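One structure is given here, and the rest of the page talks about it.
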């Protein structure tokens, strides 16, 4: 059986990528700085070692503490790695620009990471910090900010916003497809594909109401399938009107519906059913319905089904 494929790395994995990328940046700046000093026949500024070592220890500490207290699952904190990288570049460049001058592409990679992990327009917020990192890291610049810094900033925004826009669109389409897959096409209620998950999720804290339209088959045979579909849509609208804001409504069969009343007791469920009967009468419902309520049962679905058919037998409905 093939392994399921995630649409993109998880938040925790993106944090790991950010940490690894930051540590690679530390190694690169240290290596290039040492090589530049060797070529120039000078010694490496000791402050560079302090910055490199401090950044490594701090990044490791943040990663460990974040793992312990759950920061690694917070997507909003992914922006911290690009900020740390840009600030680190500024600090290294201010001490030893030879270590950063040959690696301006690291800033571009940082903005690519922003585009892959953060919501749209975050690159505009960090573009000024990127310009400072570029100017300090490639300095000194006696004439002030070089024109290439502005060009570079525009490029950074583009390389960040293009993937951010694409990911936002893909996420929106994925959510829409997910919603469509779980929605009954006729009534726009949830279908039974998520019923099991919802039941297990709210076990012990919800009351189940199972509803079946009375004599619907006879109505369908007499008036035609189009009229039957219109009746189902009208009943779904009445259900939506009758339930409370947090309740969940399913169409689980041809003329069978299920209400999951969150935090409700038997009396609350009876009140919802009464509201539904009143609403269904007001809109001119052409058939009746039977409802079975189950609250606090070990198997609420089976209990609601049993109670519903007891009502049908008592009223002679089918």
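Numbering (UniProt numbering), first residue to last: 1 to 318.
Note that the Cβ used here is the ideal one computed from N, Cα and C, for glycine as well.
The model shown is predicted, which means the values in this text are computed figures rather than measured ones.
What does a CB cutoff of less than 6 Å around residue 209 pick up in its chain, not counting 5 residues either side in sequence?
Locating residue 209 in the chain shown gives position 209, counting from the first residue. Within the same chain, residue 209 has close Cβ partners 259, 269, 291, 293.
Please report the distance separating the alpha-carbon of residue 63 from that of residue 13.
Locating residue 63 in the chain shown gives position 63, where the first residue counts as 1. Locating residue 13 in the chain shown gives position 13, where the first residue counts as 1. Looking at the two C-alpha atoms, the distance is approximately 12 Å.
Under the three-state reduction of DSSP, which class applies to residue 306: helix, strand or coil?
Along the chain shown, read from residue 1 onward, the residue named residue 306 stands at position 306. Of the three classes helix, strand and coil, the one that applies to residue 306 here is helix, per DSSP.
If you draw a straight line from the alpha carbon of residue 166 to that of residue 159, how long is it in whole angstroms?
Taking the first residue of the chain shown as 1, we reach residue 166 at position 166. Taking the first residue of the chain shown as 1, we reach residue 159 at position 159. Each residue's Cα considered, the two are about 12 Å apart.
Nearest-angstrom Cβ-Cβ length linking residue 94 and residue 136, presumed shorter than 8 Å:
Numbered from its first residue, the chain shown carries residue 94 at position 94. Numbered from its first residue, the chain shown carries residue 136 at position 136. Going by Cβ atoms, the distance from residue 94 to residue 136 rounds to 6 Å, so yes, they are a contact pair.
Exposed or buried, what is residue 310 when buried is set at 16 or more other beta-carbons lying within 10 Å of its beta-carbon?
Within the chain shown, the letter at position 310 stands for residue 310. Classification for residue 310: exposed.
For the alpha helix (DSSP H) that residue 94 lies in, which residues bound it at each end?
As a first step, residue 94 is located in the chain shown; it is residue number 94 there, counting from the start. Its alpha helix (DSSP H) spans residues 80–95.
Rounded to the nearest angstrom, what separates residue 28 and residue 9 at their Cα positions?
In the chain shown, residue 28 corresponds to position 28, counting from 1. In the chain shown, residue 9 corresponds to position 9, counting from 1. Their backbone Cα atoms lie some 25 Å apart in a straight line.
Helix, strand or coil for residue 248? Go by DSSP, reduced to three states.
For the purposes of this step, residue 248 is taken as residue 248 along the chain shown, with counting starting at 1. DSSP places residue 248 in strand when its eight states are reduced to three.
Can you give me the start and stop residues for the alpha helix (DSSP H) that residue 267 sits inside?
Position 267 of the chain shown, counted from the first residue, corresponds to residue 267. Note, residue 267: alpha helix (DSSP H), 266–282.
Drop a sphere of 10 angstroms on the beta-carbon of residue 298, count the other beta-carbons inside from all chains shown, and report buried for 16 or more, exposed for fewer.
What you label residue 298 is simply residue 298 of the chain shown in a count that begins at 1. Classification for residue 298: exposed.
Meets three-Cβ-pair contact criterion under 8 Å: the region 195–215 and the region 143–161
no
Quick check on the burial criterion: 16 or more other C-beta atoms within 10 angstroms. Buried or exposed for residue 113?
Against the chain shown, residue 113 aligns to sequence position 113. So residue 113 ends up on the buried side.
Beta strand (DSSP E) containing residue 212: first to last residue?
Within the chain shown, numbered from 1, the residue matching residue 212 stands at position 212. Its beta strand (DSSP E) spans residues 206–213.
Proximity to residue 197 [Cα-Cα], best of 141, 23, 182, 232:
If you number the chain shown from 1, residue 197 lands on position 197. Answer by Cα proximity: 182.
Quick one: grab the DSSP three-state call for residue 9.
Counted from its first residue, the chain shown places residue 9 at position 9. Three-state DSSP puts residue 9 in coil, outside helix and strand.
Taking all protein chains shown into account, do 16 or more other C-beta atoms lie within 10 angstroms of the C-beta of residue 282, making it buried, or fewer, making it exposed?
Here residue 282 refers to the residue found at position 282 of the chain shown. Exposed, by the Cβ-count rule.
Residue 259 (DSSP reduced to helix, strand or coil)
Your numbering for residue 259 matches position 259 in the chain shown. In the structure shown, residue 259 sits in a strand (DSSP, three-state: E or B).
If you reduce the DSSP assignment to three classes, tell me which class residue 108 lands in.
Residue 108 sits at position 108 when you count from the first residue of the chain shown. Correct three-state label for residue 108: helix.
Starting from residue 181, follow the alpha helix (DSSP H) in both directions and report where the run begins and ends.
Here the question's residue 181 lines up with position 181 in the chain shown. Here the alpha helix (DSSP H) through residue 181 covers 147–181.
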